[in-house]
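What follows is a set of notes on a single structure, which appears directly below.
Numbering (mature numbering (1 follows the signal peptide of the UniProt record, and there is no 0)), first residue to last: -22 to -1, 1 to 207.
Below, the structure written as structure tokens:
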């Protein structure tokens, strides 16, 4: 039985002055992993998790969960998009936990009515531009980052080699037109390798909330780093 980790949302809110699942085969994922700072097995598991969770959601109800996007990095399943009720939001999270590959779940689903084709296209354009900026930055190893956008909020996932790289990646994302916020679920590599500080408050079950919490003690889980700008 896997022990669920306490999810501590890592949020980097960037107030901006000018702001108004593709399935990858296991073979492709294995080749892609060669240049990433994670093992081939981790990359394959993340790909399998993304496909598995999305498939389970659509099997549950394509009408209720058709606008839920699934992104996975390091076993962390990020749910973004929209559902139509609080019950659907909770249910989607529960479905994500049923996958054998899931280690943690970040539920960023919004309770809204359908946003329409053009809203979705706009988010995809923003994601593409953010990826382009990360690729063009000499300070960022872009292949380590996953980018997801919903309603102008950009979610970054993956691995940063150090805290400065994460700060730079968030800044690159923040200057893209249409970006309202940048939320980071990125793990910092040099802190992952450090032993966690002792804590007497060990989580026994995952904890979720509708709004990101930035009041956590970073010493308890130093591999998860939230950056403020």
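We put the CB at the ideal spot given by N, CA and C, even for glycine.
**Request:** Determine the DSSP secondary structure at residue 56, reduced to helix, strand or coil.
**Result:** strand
**Asked** Exposed or buried, which one is residue 116 when buried takes at least 16 other CB atoms within 10 Å?
**Response** exposed
**Prompt:** Taking Cβ positions, are residue 87 and residue 56 nearer each other than 7 angstroms?
**Reply:** no
**Request:** Look at residue 147 and residue 118 and say whether their C-beta atoms are less than 7 angstroms apart.
**Result:** yes
**Message:** Judging by CA-CA distance, which residue of 166, 165 and 66 is the nearest neighbour of residue 36?
**Reply:** 66
**Prompt:** Say the cut is 6 angstroms; is the CB of residue 27 nearer than that to a heavy atom of the ligand GTP?
**Reply:** In the structure shown, the ligand GTP is absent, as is every other ligand, since no ligand is present at all.
**Asked** Does the Cβ of residue 185 have 16 or more other Cβ atoms within 10 Å, making it buried, or fewer, making it exposed?
**Response** With a pLDDT of only 36 at residue 185, under 50, the local geometry of the prediction cannot be trusted, and the value read off the model is given with reservation. The residue is exposed, with fewer than 16 neighbouring Cβ atoms inside 10 Å.
**Item:** Those runs of the beta strand (DSSP E) which lie wholly inside the region 61 to 135 and span at least 3 residues
**Value:** 82 to 85 and 123 to 128
**Element boundaries [alpha helix (DSSP H), containing residue 34]** = 18 to 38
**Request:** Provide the residue(s) that pair with residue 51 in DSSP beta bridges, ordered along the chain.
**Result:** 54
**Asked** Between residue 145 and residue 75, what straight-line distance do the alpha-carbon atoms span, to the nearest angstrom?
**Response** 30 angstroms
**Request:** Can you tell me which of 149, 153, 137 and 143 puts its alpha carbon nearest to the alpha carbon of residue 163?
**Result:** 137
**Item:** For residue 34 and residue 77, believed in contact at Cβ under 8 angstroms, the rounded distance
**Value:** 7 angstroms
**Item:** Local Cβ density within 10 Å of residue 17, reported as buried at 16 or more and exposed below that
**Value:** exposed
**Item:** Integer-rounded CB distance, given that residue 51 should sit under 8 angstroms from residue 208
**Value:** Any answer about residue 208 is impossible in this case: the structure gives the chain only from -22 up to 207.
**Asked** Do residue 90 and residue 60 have their C-beta atoms closer together than 7 angstroms?
**Response** yes
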